[in-house]
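Visitor: When we follow the working numbering, the leftmost residue of the sequence shown carries the number 82, and every step to the right adds one. Ideal placement from N, C-alpha and C gives every residue a C-beta, glycine not left out. This is the structure I have questions about; it appears just below.
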Amino acid sequence: MIPFILSIVSTIGLTEAQYTDSSREFDGKPRLIEVAIWYPASPSTPTQNVEFGIWKIQDAARNAPLYSQEKKLPLVLFSHGYSGNQWVGTWFAEYLAARGYIVAVVRHYGNSYRNMIPELCARPWNRPQDLKFALDQLLEHPLLKEHIDTSRIGAAGFSQGGITSMWLGGVQAALSADILKEQITVTQNPILQQMHFKDIPAQRPNTILDNFTQKDFDQANQSYRDERIKAAFVIAPGIDEKNVMFTKEGLSKACIPMHIQIGQAEERQAIDDASFFAQAIPHCLFTVIPGEVGHMTLLNEGTEEGKKIKPEYTVDHPSVDRAAVHAQVAADALHFFETHL
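Below you can see the structure in the form of structure tokens.
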């Protein structure tokens, strides 16, 4: 199709939404789905600071009317990584929103900063269900529903979020009891336990996998394909240190165009897995981002204070310009979506 994006807007809008998925409860509580939605806004609209912790986030016009020279705009759903949230990857949404896209960043309940529930962290297949549910709601959103082109909806994500977008594109897992503890290690890793579950008795995360039932395996291995999703841009994908539940057969079930990107300074296993995914998925591009680009480089830039208090997330190798890496990856995503949506 003819490229859709014709110009860059100087002002981006931001609105937030909360939805409750009562069909998926944990511990007697329904699943809360929070979404941060970025979109082009009128250049004359005043903007406000957007702040969240250590992350540098662009000013935005909160709840402003959507601005477009076209009646309908493409929509991209974005999924964050393990323990992330809707604010750690806004660089991707900001770039696309300034170029005529609506980008909805979904927070994954129970697998998100300040809301880490080990039983849910051990079941990442909740994630594609979150995006499907969020999409249902966004198509009825009063600010957006008249502007979403339902024939041009894509998915994107980082790390576990990258796998989430692959699931929506048709990829299926093959998780079994034999490989469960090799595939799902996040709840039993002592470092991650101390980081994310320190206020929870250790017996709880340590016994989660022992209590898996056939229902869990059935849910892990079912198809989460959403026919509304037409293309997926996948950034540094991975469920865990290894991704043994994804086989050639399951990956070959992908039925939409995909583009996988990963940094050259990632762990060797992560690069090998990403390459394996790309080779097994039909119609999949694969790009290694050159230089000392690691996993954390693909999170937002840090504020000056953030660089002091959390350098492990915000400070890169001296040769890396994080903003420039983000601009290139986002430009690649834009080109990909212009081609396939």
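1. Where does the unbroken alpha helix (DSSP H) through Asp102 begin, and where does it stop?
2. Taking the runs of the beta strand (DSSP E) that are 3 residues or longer, which of them lie wholly in the stretch 279–324?
3. Just tell me which of Ile352, Trp119 and Ala215 has its CA closest to the CA of Arg188.
4. If you draw a straight line from the alpha carbon of Asn292 to that of Gln264, how long is it in whole angstroms?
5. As an exercise, report each continuous beta strand (DSSP E) stretch of at least 3 residues that is fully enclosed by the stretch 221–250, in chain order.
6. Just the Cα atoms here: how many angstroms apart are Val267 and Arg180?
7. Quick one: what does DSSP say Cys336 is sitting in, helix, strand or coil?
8. At what residues does the beta strand (DSSP E) containing Leu425 begin and finish?
9. Given a cut-off of 8 Å, decide if Ala355 and His222 are closer than it, judged by their beta-carbon atoms.
10. Sort out for me which residues DSSP pairs Ile343 with in a bridge.
11. Lys58 and Glu382: beta carbons closer than 8 Å?
12. Taking the alpha-carbon of Leu219 as reference, which of Met326, Glu175, Glu393 and Tyr120 has the nearest alpha-carbon?
13. When the Cα atoms are used, what is the spatial distance from Asn130 to Ser91?
14. Based on the DSSP output, what are the partners of Val116 in its beta bridges?
15. Quick check on the DSSP output: the alpha helix (DSSP H) that includes Arg349 runs from which residue to which?
16. Under the rule that 16 or more other beta-carbon atoms within 10 Å means buried, what is Ile390, buried or exposed?
17. How long is the line joining the alpha carbons of Arg233 and Ile310, rounded to whole angstroms?
18. Does the stretch 244–262 come close enough to the stretch 194–202 that 3 or more CB-CB pairs lie under 8 Å?
19. If the criterion is Cβ atoms closer than 8 Å, does the pair Gly319 and Ile370 meet it?
20. Would you mind stating whether Phe239 and Leu422 have Cβ atoms separated by less than 8 Å?
21. Name, in chain order, the residues that DSSP records as bridge partners for Phe133.
22. How should Leu113 be labelled, buried or exposed, when 16 other C-beta atoms within 10 angstroms of its C-beta is the threshold for buried?
23. To the nearest angstrom, how far is it from the Cα of Gln360 to the Cα of Phe367?
24. So is Pro155 buried or exposed if we call it buried at 16+ other beta carbons inside 10 Å?
25. Between Leu201 and Tyr190, how many whole angstroms is the CB-CB distance? I'm expecting something under 8 Å.
26. At what residues does the alpha helix (DSSP H) containing Val410 begin and finish?
27. Count the other CB atoms within 10 Å of the CB of Asn144; is the residue buried (16 or more) or exposed (fewer)?
Guide: Checking against the coordinates, here is how it stands:
1. Looking up residue 102 in the sequence shown gives position 21. In the DSSP annotation of this structure, Asp102 is not part of any alpha helix (DSSP H); the continuous beta strand (DSSP E) holding it starts and ends at Ile93 to Phe107.
2. You should have 310–316.
3. Translated into positions along the sequence shown, residue 188 becomes position 107. Among Ile352, Trp119 and Ala215, the Cα nearest to that of Arg188 is on Ala215.
4. Along the sequence shown, read from residue 1 onward, the residue named residue 292 stands at position 211. Along the sequence shown, read from residue 1 onward, the residue named residue 264 stands at position 183. About 15 Å.
5. Correct list: 229–239.
6. One-based indexing of the sequence shown puts residue 267 at position 186. One-based indexing of the sequence shown puts residue 180 at position 99. A direct Cα-Cα distance of roughly 37 Å separates Val267 from Arg180.
7. Stepping through the sequence shown from its first residue, residue 336 is reached at position 255. For Cys336, the secondary structure class from DSSP, reduced to helix, strand or coil, is coil.
8. Limits of the chain in this structure are 82 at one end and 422 at the other, which puts residue 425 out of reach.
9. Looking up residue 222 in the sequence shown gives position 141. Looking up residue 355 in the sequence shown gives position 274. Contact: no.
10. Along the sequence shown, one-based indexing puts residue 343 at 262. Bridge partners of Ile343: Val369.
11. Here the chain covers residues 82 to 422 and nothing more, so residue 58 does not appear.
12. Taking the first residue of the sequence shown as 1, we reach residue 219 at position 138. The candidate whose alpha carbon is nearest that of Leu219 is Tyr120.
13. Position 49 of the sequence shown holds residue 130. Position 10 of the sequence shown holds residue 91. Each residue's Cα considered, the two are about 15 Å apart.
14. Within the sequence shown, numbered from 1, the residue matching residue 116 stands at position 35. DSSP, once it has assigned bridges, lists Ala98 and Val187 as partnering Val116.
15. By one-based count along the sequence shown, residue 349 stands at place 268. Judged by DSSP secondary structure, Arg349 falls within the alpha helix (DSSP H) whose first and last residues are Arg349 to Ala361.
16. Position 309 of the sequence shown, counted from the start, is the residue given in the question as residue 390. Around the beta carbon of Ile390, a 10 Å sphere encloses fewer than 16 other beta carbons of the protein chains shown; the residue is thus reported as exposed.
17. Numbered from its first residue, the sequence shown carries residue 233 at position 152. Numbered from its first residue, the sequence shown carries residue 310 at position 229. The straight-line gap from Cα to Cα measures roughly 8 Å.
18. No contact exists between the stretch 194–202 and the stretch 244–262.
19. Against the sequence shown, residue 319 aligns to sequence position 238. Against the sequence shown, residue 370 aligns to sequence position 289. Gly319 places its beta carbon 8 Å or farther from that of Ile370.
20. Here residue 239 is taken as the residue at index 158 of the sequence shown, counted from 1. Here residue 422 is taken as the residue at index 341 of the sequence shown, counted from 1. No. Outside cutoff.
21. Within the sequence shown, the letter at position 52 stands for residue 133. Answer by DSSP bridge pairing, in chain order: Trp136.
22. Position 32 of the sequence shown, counting from 1, holds the residue named residue 113. Exposed.
23. Along the sequence shown, read from residue 1 onward, the residue named residue 360 stands at position 279. Along the sequence shown, read from residue 1 onward, the residue named residue 367 stands at position 286. Rounded to the nearest angstrom, the two C-alpha atoms are 8 Å apart.
24. In the sequence shown, the residue the question calls residue 155 occupies position 74. Classification for Pro155: buried.
25. For the purposes of this step, residue 201 is taken as the residue at position 120 of the sequence shown. For the purposes of this step, residue 190 is taken as the residue at position 109 of the sequence shown. Their Cβ separation, rounded to whole angstroms, is 7 Å, which keeps Leu201 and Tyr190 in contact under 8 Å.
26. Taking the sequence shown and counting its residues from 1, one reaches residue 410 at position 329. Arg403 to His421 is the extent of the alpha helix (DSSP H) around Val410.
27. Counted from its first residue, the sequence shown places residue 144 at position 63. Residue environment: Asn144 is assigned as exposed (fewer than 16 neighbouring CB atoms within 10 Å of its CB, all protein chains considered).
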